[in-house]
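> I'd like to ask you about the structure that follows.
In my numbering, the protein residues as written are 508 to 828.
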């Protein structure tokens, strides 16, 4: 499987991602070994996070952007995350049907994944999937989020450039000032800037540009830019790539690009540790039995949730001894 990935075989890559996403304990050890080997392959890929509210045209934008990049000789991987129903636990995973042209491109790889229970609009194993795609020779990795609103921190912690798509005339020019997501964005792109929307797009562009000046400067010195485009008519797309390249050169020269990657590796380690500890805790048979008893007491108001949690953790400490 590793050989297949290193040779750029999309079938081997797809199988590897399935292995990494599996929750089966037998698969997890193999998946860890796979990621470990893929990390050894050096890559100069640019990781780009793309977010925006549902209906902003993320899929259309990614298709247009992806086609522009493959025409420039780039290999593009698209990791599209679909929301998972909290009721049926299912996902539609229909992004491939919305990117009809890009899906046929031999230099593009599109992988839809369910978000599951993870927050931030990303799948549970998106970070590992990025590593696999880079090892397979994809030098631009696009991470499309579900656009759930304000919990996009997870995406920001695994990409080099964070792009926020906006709609013209949505009435949130001033609202944007309040949103934490604006602080994370390296660029704002007003999509659907065509036809009757053109005037509204220009107004939104000037309003967002003014709004961004109210934020403190970024640590890396980059000043977020506001651009407009029409993904449907393929207008303004090359300019967005030029801006991202400019960002890459500027941050690499100052050493911020590498520093951000190192910080992300640290975050990835801490997140994995949190997840593993939680899994280890709930898989303990003794803990499960005590938890069930305490749950009944909490429901019937015989013990406070805080006291119950304290008792359970004390039980866990005794188990460790």
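Just so it is clear, CB atoms sit at the ideal spot from N, CA and C, and this is done for glycine as well.
1) Can you give me the C-alpha to C-alpha distance between residue 531 and residue 720, rounded to a whole angstrom?
2) Starting from residue 533, follow the alpha helix (DSSP H) in both directions and report where the run begins and ends.
3) Quick check for students: name the residue ranges of the alpha helix (DSSP H) that lie wholly in the region 726 to 800, counting only runs of 4 or more.
4) What residues in its chain sit with their C-beta under 6 Å from that of residue 664, if we drop five residues either side in the sequence?
5) Look at residue 552 and residue 585 and say whether their C-beta atoms are less than 8 Å apart.
6) For residue 642, which residues from the same chain have a beta carbon less than 6 Å from its beta carbon, with the 5 sequence-adjacent residues on both sides left out?
7) Assuming residue 582 and residue 645 make a contact with CB atoms under 8 Å, what is their CB distance in whole Å?
8) Does residue 713 pass the burial test, meaning 16 or more other C-beta atoms within 10 Å, or should it be called exposed?
9) With three or more C-beta pairs closer than 8 Å as the rule, is the region 734 to 753 touching the region 689 to 696?
10) Just to confirm my understanding: we take residue 812, look at its own chain, exclude 5 residues before and 5 after, and list those with CB closer than 8 Å. What are they?
11) Rounded to a whole number of angstroms, what is the C-alpha to C-alpha distance between residue 609 and residue 752?
12) Compute the beta-carbon to beta-carbon distance between residue 639 and residue 563, rounded to the nearest angstrom, for a pair I have assumed lies under 8 Å.
13) With 16 other CB atoms within 10 Å as the buried threshold, where does residue 634 fall?
14) Run through DSSP, which three-state label would residue 651 get?
15) Which residues bound the beta strand (DSSP E) around residue 556?
16) In this structure, does DSSP put residue 566 in helix, strand or coil?
17) Within the continuous alpha helix (DSSP H) that includes residue 718, where are the two ends?
18) What residues match up with residue 813 in a beta bridge as DSSP calls it?
19) Along the chain, where does the beta strand (DSSP E) containing residue 671 start, and where does it finish?
20) Just the C-alpha distance for residue 521 and residue 711, rounded to the nearest angstrom, thanks.
21) Less than 8 Å separating the beta-carbons of residue 559 and residue 734?
22) With a 10 Å radius around its C-beta and 16 neighbouring C-beta atoms as the bar for buried, classify residue 651 as buried or exposed.
23) Starting from the Cα of residue 758, find the closest Cα among 725, 790, 736 and give me that residue.
24) I'd like the span of the beta strand (DSSP E) that includes residue 610, first residue to last.
25) Would a C-beta distance cut-off of 8 Å place residue 819 and residue 801 closer than the cut-off?
26) Between 794, 536, 768, 808, which lies nearest to residue 550 when the distance is taken from Cα to Cα?
27) Locate the beta strand (DSSP E) running through residue 695, then write down its first and last residues.
On the basis of the supplied data:
1) Counting from one through the chain shown, the residue named residue 531 turns up at place 24. Counting from one through the chain shown, the residue named residue 720 turns up at place 213. Across the structure, residue 531 and residue 720 are spaced so that their CA atoms are roughly 48 Å apart.
2) On the chain shown, residue 533 is found 26 positions in, with the first residue counted as 1. Note, residue 533: alpha helix (DSSP H), 532 to 546.
3) 744 to 760, 763 to 790
4) For the purposes of this step, residue 664 is identified with residue 157 of the chain shown, where counting begins at 1. Within the same chain, residue 664 has close Cβ partners 771, 774.
5) Taking the chain shown and counting its residues from 1, the one referred to as residue 552 is at position 45. Taking the chain shown and counting its residues from 1, the one referred to as residue 585 is at position 78. In this structure, residue 585 does not lie closer than 8 Å to residue 552 by Cβ.
6) Within the chain shown, numbered from 1, the residue matching residue 642 stands at position 135. Short of 6 Å from the beta carbon of residue 642, and not among the five residues preceding or following it, lie these beta carbons of its own chain, in chain order: 512, 545, 548.
7) The sequence position of residue 582 within the chain shown is 75, counting from 1. The sequence position of residue 645 within the chain shown is 138, counting from 1. At roughly 5 Å, the Cβ-Cβ gap stays under 8 Å, so residue 582 and residue 645 are in contact.
8) Taking the chain shown and counting its residues from 1, one reaches residue 713 at position 206. Answer is exposed; the Cβ neighbour count stays below 16.
9) yes
10) Position 305 of the chain shown holds residue 812. Answer for residue 812: 805, listed in chain order.
11) On the chain shown, position 102 is the one that residue 609 refers to. On the chain shown, position 245 is the one that residue 752 refers to. For residue 609 and residue 752, the distance between alpha carbons rounds to 22 Å.
12) Taking the first residue of the chain shown as 1, we reach residue 639 at position 132. Taking the first residue of the chain shown as 1, we reach residue 563 at position 56. 28 Å between Cβ atoms; not a contact.
13) Position 127 of the chain shown holds residue 634. Label assigned to residue 634: buried.
14) Translated into the one-based positions of the chain shown, residue 651 becomes position 144. Of the three classes helix, strand and coil, the one that applies to residue 651 here is strand, per DSSP.
15) For the purposes of this step, residue 556 is taken as the residue at position 49 of the chain shown. Counting along the chain, the beta strand (DSSP E) containing residue 556 begins and ends at 553 to 558.
16) Position 59 of the chain shown, counted from the first residue, corresponds to residue 566. Reduced to three states, the DSSP call for residue 566 is helix.
17) Along the chain shown, one-based indexing puts residue 718 at 211. Start and end: 705 to 719.
18) Position 306 of the chain shown, counted from the first residue, corresponds to residue 813. Bridge partners of residue 813: none, in fact.
19) As a first step, residue 671 is located in the chain shown; it is residue number 164 there, counting from the start. Unbroken beta strand (DSSP E) run through residue 671: 668 to 673.
20) The count along the chain shown starts at 1 and reaches residue 521 at position 14. The count along the chain shown starts at 1 and reaches residue 711 at position 204. Whole-angstrom Cα-Cα distance: 40 Å.
21) Locating residue 559 in the chain shown gives position 52, where the first residue counts as 1. Locating residue 734 in the chain shown gives position 227, where the first residue counts as 1. No.
22) Taking the chain shown and counting its residues from 1, one reaches residue 651 at position 144. Classification for residue 651: buried.
23) Here residue 758 is taken as the residue at index 251 of the chain shown, counted from 1. Considering only alpha carbons, the answer is 725.
24) Counting from one through the chain shown, the residue named residue 610 turns up at place 103. Careful: residue 610 lies outside any beta strand (DSSP E) and carries neither H nor E.
25) The count along the chain shown starts at 1 and reaches residue 819 at position 312. The count along the chain shown starts at 1 and reaches residue 801 at position 294. Cβ atoms of residue 819 and residue 801: closer than 8 Å.
26) Residue 550 sits at position 43 when you count from the first residue of the chain shown. The shortest C-alpha separation from residue 550 is found at 768.
27) Along the chain shown, read from residue 1 onward, the residue named residue 695 stands at position 188. Secondary structure note for residue 695: its beta strand (DSSP E) is the uninterrupted segment 694 to 697.
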